[in-house]
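Below you'll find the structure, written out as structure tokens, and then a few comments.
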Amino acid sequence: MTVRDVVQLLESWAPPALALEGDPVGLQVGSLNARCARVMVALDPSLAVIEQAVAARCDLLVTHHELLYRPMACIDRDTARGRAVALALSEGLTVYAMHTNWDIAEGGVNDVLAERLGLADVQVLDVTKREELYKLVVFVPDSHHQAVLEAVCAAGAGHIGGYSHCTFNIAGEGTFQPLPGSQPFIGRVGALERVRETRLETIVPESRLDGVVRAMKRVHPYEEVAYDVYPLKLSGRPQGIGRVGNLPAPMPLLAFARHVQQALGTAGVRFGGDPQLTVRRVAVLGGSGRSWVGHALRAGAQVLVTADCSHHDVADAWEAGLAVVDATHAALERPAMERLARRLQEALQGQIEVRLAEGPEDPFQWVSRTG
Numbered sequence: 000m001t002v003r004d005v006v007q008l009l010e011s012w013a014p015p016a017l018a019l020e021g022d023p024v025g026l027q028v029g030s031l032n033a034r035c036a037r038v039m040v041a042l043d044p045s046l047a048v049i050e051q052a053v054a055a056r057c058d059l060l061v062t063h064h065e066l067l068y069r070p071m072a073c074i075d076r077d078t079a080r081g082r083a084v085a086l087a088l089s090e091g092l093t094v095y096a097m098h099t100n101w102d103i104a105e106g107g108v109n110d111v112l113a114e115r116l117g118l119a120d121v122q123v124l125d126v127t128k129r130e131e132l133y134k135l136v137v138f139v140p141d142s143h144h145q146a147v148l149e150a151v152c153a154a155g156a157g158h159i160g161g162y163s164h165c166t167f168n169i170a171g172e173g174t175f176q177p178l179p180g181s182q183p184f185i186g187r188v189g190a191l192e193r194v195r196e197t198r199l200e201t202i203v204p205e206s207r208l209d210g211v212v213r214a215m216k217r218v219h220p221y222e223e224v225a226y227d228v229y230p231l232k233l234s235g236r237p238q239g240i241g242r243v244g245n246l247p248a249p250m251p252l253l254a255f256a257r258h259v260q261q262a263l264g265t266a267g268v269r270f271g272g273d274p275q276l277t278v279r280r281v282a283v284l285g286g287s288g289r290s291w292v293g294h295a296l297r298a299g300a301q302v303l304v305t306a307d308c309s310h311h312d313v314a315d316a317w318e319a320g321l322a323v324v325d326a327t328h329a330a331l332e333r334p335a336m337e338r339l340a341r342r343l344q345e346a347l348q349g350q351i352e353v354r355l356a357e358g359p360e361d362p363f364q365w366v367s368r369t370g
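For the sequence shown, numbering that gives the first Met the number 0 begins at 0 and goes up steadily by one.
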């Protein structure tokens, strides 16, 4: 397999088009055409992590945060970031970043966070995009109809609301005449063929279209696949940053803050608000979410769980009526990288070794009160 093969899988889960404007997700350094036998997944592309990936003879490092988030005027080996870039390039390590597209994607950072906190009836906090829908129509010989149907649905086609494998199928007859130089699956060169075929129709979101077409072509038996793609004046499910949902049972803010600490497995969290405030509805935003206080209030949340809040951020939010639970940036995002590593391992079925970066990635530590 190549790095590109793995990246295509990652982008089927978190399409780059989902990323917020200006966020430089995707290839950071290296080559998509490089051979890939080992992958490491990490939160940050720090020098220590890149050294670890090189020592483990990994070909691809997948991170949440970008190595090249801020422009570099030069690669200065006297700086940690310069040494990290130079080491990756000299050792043939490809670095690929999934940042706000992984925050926004279904099953990504914020969905994992909402799941960890046990939220129900989860919705998008801030809708950033409504994905356009397309209709895929493909003509398949009856012998391969079920295989093509399963392939396109597994790649992301055919989802309507709470249902998968939504297709429409019409039996008919296809005709074709193989010309000299062709290698037909059915029929002979120069002879007109009539074949029993099924017209398979299904809905495909824009971000899944390329992957669905690739999956269709992989299992379709014909040398030249007859298919059509139609744009629809319909929008798919809303996609966006953050999530909001309900607790199974109300609890005081102080108890909820302890719940967050335990759910994330962190040494501590801090919170702003009345400890006795009854919390029923919770907004979550992995990473720096202080700019989404207004969205949390409009969504009816009593508390926002996020990171990197200043004194004034929390004071202003509480004055506006919203409590804040502030965990560290890493504590909120590390669980989704653990999930990504497991998901990759399961999807690749042993074709590639996948490992999670070892060691603490949170720059913060807690001082415990004693005595």
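Even glycine gets a Cβ: it sits at the ideal position worked out from N, Cα and C. A quick note: this is a predicted structure, and the numbers were derived from the prediction, not measured.
- Inside the segment 107-163, DSSP marks whole beta strand (DSSP E) runs of 3 or more residues at positions 119-140, from first to last along the chain.
- Here the segment 27-38 makes contact with the segment 64-79; the two share three or more CB pairs at distances below 8 angstroms.
- Distance between Thr327 and Leu303, taken at the CA atoms: about 14 angstroms.
- With 16 or more other Cβ atoms from the protein chains shown falling within 10 Å of its own Cβ, Ile49 counts as buried.
- In the structure shown, Ile49 falls within a helical segment according to DSSP collapsed to helix, strand and coil.
- The shortest C-alpha to C-alpha distance from Leu199 to any of Gln182, Glu131, Val188 and Val224 is the one to Val224.
- Nearest C-alpha to Arg280 among His143, Arg269 and Ala298: Ala298.
- Remark: C-beta atoms of Thr197 and Ala170 approach each other more closely than 7 angstroms.
- Non-local beta-carbon contacts of Val126 in its own chain, meaning distances under 8 angstroms to residues more than five positions away in sequence, involve Pro237, Gln238 and Gly239 in chain order.
- 7 angstroms or more divides the Cβ of Leu253 from the Cβ of Ala322.
- A straight-line Cα-Cα distance of about 31 angstroms links His158 and Arg354.
- In this structure, Arg242 lies near Val283, with their beta-carbon atoms less than 7 angstroms apart.
- Non-local beta-carbon contacts of Glu332 in its own chain, meaning distances under 7 angstroms to residues more than five positions away in sequence, involve Leu42, His63, Val108, Gly285 and Gly286 in chain order.
- The Cβ neighbour count for Leu60, taken over all protein chains shown within 10 Å, is at least 16; the residue is labelled buried.
- Runs of the beta strand (DSSP E) lying entirely within the segment 71-113 and spanning at least 3 residues, in chain order: 93-96.
- In this structure the segment 12-23 touches the segment 86-103; the number of beta carbon pairs closer than 8 angstroms is three or more.
- Take Gly267, set aside five residues on each side of it, and the residues of its chain with a beta-carbon closer than 7 angstroms to its own are Gln260 and Trp365, in chain order.
- Within the segment 228-296, the runs of beta strand (DSSP E) at least 3 residues long that lie entirely inside it are, in chain order, 269-271 and 277-287.
- Under the criterion of beta carbons closer than 8 angstroms, Glu205 and Tyr133 qualify as touching, at roughly 7 angstroms.
- Between Ala156 and Val228 the beta-carbon gap is near 11 angstroms, outside 8 angstroms, which marks them as no contact.
- Counting C-beta atoms within 10 angstroms of its own C-beta, Glu357 has fewer than 16 neighbours from the protein chains shown and is therefore classed as exposed.
- For Gly272, the closest C-alpha among the options Leu86, Asp312 and Val188 is that of Asp312.
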